[in-house]
Every structure is written in structure tokens, then in C-alpha cells.
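I have placed the structure first, in the form of C-alpha cells, so that the comments after it can refer back to it.
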Amino acid sequence: MQNEIKYKLNFSDYHVIVDFIKKTYNYDFSVYSFCISKRRIELFFSQYNVDNLQMILSFLSKEKFWVSFLEQFIVKTTELFRDVEFWQKLHNKYISKLDKGTTLNIWVPDITSDEELVTLIILLYELQITDYKIIATSPFNFVIEKIENYKISTKKFDISKQNYKNFNPEGDLEKFFLMGKLNHSFKPEYFKNVRFKKFSLISEQDMIGVFDFILFRNRLLYYSSKAQDFVLNKLYNSLKIKGLYAIGVKESLRNWQNIDKLTTADKELNIYFKKK
Amino acid sequence: MANKYVVIGGSAGSFQTVLKLLEELPKNYPYPVFLVLHRLKNVRSGFIEALSIKSKLKLIEPADKDPIEAGKVYLAPANYHMYIQFDNTFSLSTEETINHSRPAIDITFSSLAFSYTNKVVGVLLSGANKDGSLGLKDISTNGGITVVQDPNEAQIQTMPQAALDIIDVDKILSAEEIINFVTKLHLRYD
Numbered sequence: 054m055q056n057e058i059k060y061k062l063n064f065s066d067y068h069v070i071v072d073f074i075k076k077t078y079n080y081d082f083s084v085y086s087f088c089i090s091k092r093r094i095e096l097f098f099s100q101y102n103v104d105n106l107q108m109i110l111s112f113l114s115k116e117k118f119w120v121s122f123l124e125q126f127i128v129k130t131t132e133l134f135r136d137v138e139f140w141q142k143l144h145n146k147y148i149s150k151l152d153k154g155t156t157l158n159i160w161v162p163d164i165t166s167d168e169e170l171v172t173l174i175i176l177l178y179e180l181q182i183t184d185y186k187i188i189a190t191s192p193f194n195f196v197i198e199k200i201e202n203y204k205i206s207t208k209k210f211d212i213s214k215q216n217y218k219n220f221n222p223e224g225d226l227e228k229f230f231l232m233g234k235l236n237h238s239f240k241p242e243y244f245k246n247v248r249f250k251k252f253s254l255i256s257e258q259d260m261i262g263v264f265d266f267i268l269f270r271n272r273l274l275y276y277s278s279k280a281q282d283f284v285l286n287k288l289y290n291s292l293k294i295k296g297l298y299a300i301g302v303k304e305s306l307r308n309w310q311n312i313d314k315l316t317t318a319d320k321e322l323n324i325y326f327k328k329k
Numbered sequence: 067m068a069n070k071y072v073v074i075g076g077s078a079g080s081f082q083t084v085l086k087l088l089e090e091l092p093k094n095y096p097y098p099v100f101l102v103l104h105r106l107k108n109v110r111s112g113f114i115e116a117l118s119i120k121s122k123l124k125l126i127e128p129a130d131k132d133p134i135e136a137g138k139v140y141l142a143p144a145n146y147h148m149y150i151q152f153d154n155t156f157s158l159s160t161e162e163t164i165n166h167s168r169p170a171i172d173i174t175f176s177s178l179a180f181s182y183t184n185k186v187v188g189v190l191l192s193g194a195n196k197d198g199s200l201g202l203k204d205i206s207t208n209g210g211i212t213v214v215q216d217p218n219e220a221q222i223q224t225m226p227q228a229a230l231d232i233i234d235v236d237k238i239l240s241a242e243e244i245i246n247f248v249t250k251l252h253l254r255y256d
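Structural data, given as C-alpha cells:
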């Protein structure tokens with residue numbers, strides 16, 4: 054998305070838009086972090102030179118446009134092996150603690166583009182762990198359809214390649230991809246233990262399962278403080294005793310009411326285990 | 067809530083000015099100070115330590131939703147954008163880079179302008195791209211104070227010049243004058 058904003062929303066505009074979306078599509082935007090959400094709405098509509106609230110509502114009322122808006126609204130993850138120290142710790146220390154000779158059940162909620170999922174699959178491959186099941190969820194069907202054919206741009210791949218080199222100097226990232234000119238496709242066979250499912254952390258009442266490991270890095274950021282609490286409780290309830298839980302290095306559990314129910318494994322990298 | 071929110075954006079050529087400013091800021095400085103400096107995204111340690119060496123104020127790399135306190139210096143974390151919310155907390159994001167930068171100065175400047183309007187003092191230092199100019203424009207539009215390092219004095223003039231091209235700023239100062247202005251801000255406005 055471009056940077057220059059044509060029409061800046063005020064509080065009132067923002068709440069009108071949130072109410073309109075709720076009423077029209079039954080989707081609750083109030084769960085998102087205000088500042089980020091406001092800016093992403095502004096950026097999206099700047100592309101169309103929209104300069105008033107009525108035009109925004111008019112655009113949003115068209116269902117085709119709504120999907121395109123959502124596609125740009127959600128924040129994609131940035132690169133493979135982001136925060137190399139995290140992946141190294143996971144590789145060298147924490148995943149092995151979970152590997153008890155039974156199927157490893159992993160949940161990656163709120164996937165978007167999704168480099169975190171692909172990084173995890175590569176890490177498990179390199180650990181020679183084959184007996185695992187990953188469930189990757191998103192509230193949006195269009196995300197799931199895209200992820201099943203995961204492609205990474207050559208630019209993002211070059212950044213990722215550098216990260217991967219720091220993770221495994223001997224490794225070859227290209228072997229996991231079908232290399233193209235503009236994009237590289239993740240080889241479909243590596244997705245064989247992954248199931249994609251539509252699931253909203255906010256609106257679904259049922260649990261999706263109980264897991265040994267929940268990978269939820271840099272997704273909590275996009276929720277409001279109140280919604281963060283709700284989401285964290287849902288994730289906590291979906292984690293097995295002694296299960297592993299990871300959030301982004303700059304995300305925080307300090308406002309979460311149940312923080313004492315987790316043991317901190319690595320404070321700096323935000324890795325936790327569920328207490329007995 | 068603080069009476070003023072001081073935010074400083076810088077890139078190539080700004081490090082020494084920031085270091086000197088941190089050395090000069092008094093221990094009882096009454097405002098929060100936000101630093102958005104372009105930095106290597108994969109180097110998470112070392113930078114804050116280097117900036118802290120001579121600072122009398124505590125430097126913090128905030129986590130998402132951390133509260134903001136007066137008298138502390140907050141450094142935008144590597145590889146995250148840093149928003150300042152109207153409830154006096156941070157909101158971090160991993161959104162797309164802006165002008166190849168994450169953290170982007172524009173994002174912190176603009177979010178502060180929206181949340182704290184005329185309480186914001188925005189300072190744009192030396193740098194090699196145009197990040198910060200749109201955010202500084204927002205600070206100006208919302209009634210805040212805008213300060214730009216004199217391009218003739220900046221090590222790299224692209225960033226301050228880009229701001230001057232689109233805003234009628236309140237002050238164009240040398241690095242020494244900026245340090246003097248920021249450190250004595252509370253004597254002038256409180």
C-alpha cells in the first residue's frame with residue numbers, strides 16, 4: 054500500500070465504519086488495535102482518492118470491494134525465519150522437549166501470508182520430525198486459498214535467505230521451493246501434514262482442539278487490549294499441560310489476567326510452557 | 067498524561083546528535099521522549115545499550131500495549147513500526163516497510179499527531195530518505211511544534227530537506243540548537 058493518506062479519519066468516522074461493517078457483514082472490527090486499523094483503512098481508500106466518509110461507506114457496501122479491502126487490511130507476515138534467535142532456540146531446545154514419540158499437534162492461528170507457518174515446516178523437516186500435525190487457521194477463506202499455494206516474492210525470498218543462512222549456515226533454502234522468476238512456490242509436499250481451516254479466534258465459541266504447541270507470533274499486536282485478553286484465554290484453553298506457547302518478541306502478556314498459569318521458558322523471545 | 071510528547075526521527079548521520087541529546091537531557095525531564103531511528107532490522111541487541119551509555123534517563127524498547135511514562139526515553143524496536151495511542155500506550159506492528167524502513171518515522175509522528183495534537187514536538191534529523199516528512203506535516207497540521215535540522219548542516223540533507231519541501235516548519239536549527247531547544251523545552255512551556 055502507498056503511504057500518503059488522502060482522507061484522515063476522526064474518531065467519529067472510525068466508529069461509523071466499524072458499526073457499518075458489523076451491521077453489513079457481521080464482522081467486528083472493534084477488536085482490532087485502533088491506531089493500526091485506522092491507518093490501514095485510510096491507506097486503502099487513499100488508493101481510490103476517496104475523500105469523505107460517505108464514499109467509504111458506499112465502497113464498503115459492495116461485497117466484491119469488501120473482500121479486496123479485507124485482503125489489504127490484514128497484515129501479512131514479513132519474512133521467513135524472522136528473529137533467527139527464536140527459531141534457533143525452538144530448534145535447539147524447545148521442540149525436542151515436546152517430542153515424546155507421539156504425534157505432535159501444533160496450531161498456527163490467524164495465518165495471513167504466512168511465513169511463520171512455512172518456517173515452522175522447514176524447521177520440523179530439519180529436525181527430522183515427521184510425526185506431526187499442524188492446523189493453520191484464519192477467519193478468512195481467501196487467506197486459506199492463497200496459503201495452500203504459498204508463494205514468496207523474490208524480494209522477500211532474498212531477505213529470508215539471509216535469515217535462513219544465519220539459522221542454518223549449511224542449509225539450502227531453495228530446495229524447499231519451486232523457483233520462479235517473480236515468485237517462488239513452496240513445494241506442496243511439505244504441506245502434507247498441514248490442515249487449513251476457517252476459524253475466528255473472536256467469534257467461534259467452540260475449541261478447535263488441544264495442542265502441544267501454539268505458534269502465535271506478531272498476530273496479537275493487531276488486537277485491542279480487551280480483545281487480546283479474550284484471545285489469550287482461548288489460546289491458553291487450547292494448550293495441553295506442559296504445552297509450548299510462543300508470541301512475538303515485542304508482544305506482551307503482562308496485562309493478561311492468567312499470566313501466572315504459564316512458566317516463562319525464555320523471557321526475551323517470549324516462549325512459555327503451560328503449568329500443570 | 068504528559069504536557070508535551072517529544073518525538074525525534076533520524077536516519078543516516080543522526081546518531082551522534084541523538085547521543086549528545088541523550089547526554090544532555092536532565093534527569094528530571096518531565097516529558098516522554100520517543101526515538102525513531104532507522105536501524106538494522108536483524109540486530110536487536112547493542113543499539114539501546116550504545117545509546118544508553120551517557121543518558122541520565124532510562125531508555126526502553128517498548129513492547130506492544132506498554133504504558134507511556136514521562137521522563138523516559140522510548141526507542142522504536144528494530145523491525146517494528148511504533149504507534150502511540152490516545153490511551154497513552156504503544157501499539158507495535160509488522161506492517162509493510164515505508165521508504166524501506168521499519169520502524170518508519172512517519173507512523174510514529176502521525177499517530178502522535180492524531181493522539182496528542184498540539185502537545186507534540188516533532189524533530190526531524192539527518193537522513194538519506196524521505197521518511198518523516200509526511201508525519202511531520204501531520205504534527206504541524208494538528209498544532210504541534212515542528213523542528214527540522216538545518217539541511218546545510220546535516221550530514222545527509224535528504225530527510226530534513228524533504229520535510230522543508232512540504233511544510234512551513236516552526237524551527238530550522240543546527241544540531242547544537244536542537245539539543246538546546248529540546249533539553250530546555252520544559253523551561254519554556256511549563
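So the protein sequences, as listed, match chains P and W.
According to this note's numbering, the first sequence is numbered sequentially starting from 54.
According to this note's numbering, the second sequence is numbered sequentially starting from 67.
We put the beta carbon where it would ideally sit given N, CA and C, even for glycine.
In this text the structure is predicted, and so the values were computed from the model without any measurement.
Can you give the Cα-Cα distance for residue i and residue j, rounded to whole angstroms?
i: G112(W); j: R105(W); result: 11 Å
i: V302(P); j: V99(W); result: 22 Å
i: K199(P); j: L177(P); result: 22 Å
i: E168(P); j: K204(P); result: 10 Å
i: E227(P); j: D136(P); result: 20 Å
i: A280(P); j: I255(P); result: 8 Å
i: I129(P); j: L268(P); result: In the sequence as displayed, the identity of residue 129(P) is Lys instead of Ile. Whole-angstrom Cα-Cα distance: 16 Å.
i: N219(P); j: D72(P); result: 46 Å
i: F195(P); j: L117(W); result: 44 Å
i: V84(W); j: N286(P); result: 41 Å
i: K328(P); j: G296(P); result: 8 Å
i: W309(P); j: I238(W); result: 45 Å
i: S199(W); j: S291(P); result: 45 Å
i: S80(W); j: N105(P); result: 38 Å
i: N271(P); j: S305(P); result: 10 Å
i: D211(P); j: T224(W); result: 27 Å
i: E116(P); j: P162(P); result: 25 Å
i: Y140(W); j: Y97(W); result: 11 Å
i: K203(W); j: L157(P); result: 52 Å
i: E90(W); j: S277(P); result: 37 Å
Would you kindly check if the distance between the Cβ of residue j and the Cβ of residue i is under 8 Å?
i: I109(P); j: F98(P); result: yes
i: F264(P); j: W160(P); result: yes
i: F175(W); j: I222(W); result: no
i: T160(W); j: T131(P); result: yes
i: L125(W); j: I114(W); result: yes
i: Y67(P); j: W119(P); result: no
i: F126(P); j: L113(P); result: no
i: Y60(P); j: E95(P); result: yes
i: I175(P); j: F87(P); result: no
i: T207(P); j: H237(P); result: yes
i: G210(W); j: T183(W); result: yes
i: Y260(W); j: I134(W); result: Outside the shown range of chain W (67 to 256) lies residue 260(W), about which nothing can therefore be said.
i: D130(W); j: L158(W); result: yes
i: P217(W); j: L190(W); result: no
i: R168(W); j: N145(W); result: yes
Buried or exposed for residue i, please, with buried defined as at least 16 other CB atoms from any protein chain shown within 10 angstroms of its CB.
i: Q181(P); result: exposed
i: H147(W); result: buried
i: R307(P); result: exposed
i: H166(W); result: exposed
i: F64(P); result: exposed
i: D313(P); result: exposed
i: Q55(P); result: Below a pLDDT of 50, predicted positions are generally treated as unreliable, and Q55(P), at 49, falls in that range; no measurement from the model is reported.
i: T155(P); result: exposed
i: N216(P); result: buried
Residue i and residue j look like a contact to me (Cβ under 8 Å); what is the Cβ gap, rounded to whole Å?
i: S213(P); j: L322(P); result: Not really, about 19 Å apart at Cβ, beyond 8 Å.
i: G188(W); j: T212(W); result: 5 Å
i: S192(W); j: S77(W); result: 7 Å
i: N69(W); j: K185(W); result: 6 Å
i: G75(W); j: I171(W); result: 3 Å
i: L231(P); j: K245(P); result: Contact flag wrong, Cβ pair sits at about 16 Å.
By the 8 Å beta-carbon criterion, what residues does the stretch 202-213 of chain P contribute toward chain W? Interface annotation for the stretch 202-213 of chain P against chain W: empty, criterion Cβ-Cβ distance under 8 Å.
Taking Cβ-Cβ distances below 8 Å as the criterion, which residues of the stretch 258-286 of chain P are in contact with chain W? Listed in sequence order: N271, L273, L274, Y275, S278 and Q281.
Please identify, using Cβ separations under 8 Å, the residues of the stretch 112-128 of chain P that lie next to chain W, in order along the chain. Listed by position, the residues of the stretch 112-128 of chain P near chain W (Cβ gap below 8 Å) are V128.
Within 7 Å of chain P by C-beta, residues of the stretch 148-173 of chain W in sequence order: Those residues of the stretch 148-173 of chain W that come within reach of chain P (Cβ to Cβ, closer than 7 Å) are Y149, Q151, S157, L158, S159, T160, E161, E162, I164 and D172.
Closer than 7 Å, Cβ to Cβ, to anything on chain P: give me those residues from the stretch 178-206 of chain W, in chain order. Against chain P - using a Cβ distance shorter than 7 Å - the residues of the stretch 178-206 of chain W are L200.
If the cut-off is 7 Å on Cβ atoms, which residues from the stretch 225-241 of chain W count as contacting chain P, listed in chain order? From the stretch 225-241 of chain W, no residue has a Cβ closer than 7 Å to chain P.
Using a Cβ-Cβ cut-off of less than 7 Å, give me the residues of the stretch 81-98 of chain P that come near chain W, in sequence order. Cβ contacts with chain W: S86, F87, C88 and I89.
Of all the residues that make up the stretch 122-139 of chain W, which are near chain P by a beta-carbon distance shorter than 7 Å? Within the stretch 122-139 of chain W, the residues whose Cβ lies closer than 7 Å to any Cβ of chain P are, in chain order, A129, D130, K131 and D132.
When Cβ atoms are compared, which residues of the stretch 295-319 of chain P fall closer than 9 Å to chain W? The stretch 295-319 of chain P vs chain W, Cβ under 9 Å: G301, V302, K303, E304, S305, R307 and N308.
Select from the stretch 166-181 of chain P all residues with a C-beta closer than 8 Å to any C-beta belonging to chain W, and list them in chain order. Those residues of the stretch 166-181 of chain P that come within reach of chain W (Cβ to Cβ, closer than 8 Å) do not exist; the list is empty.
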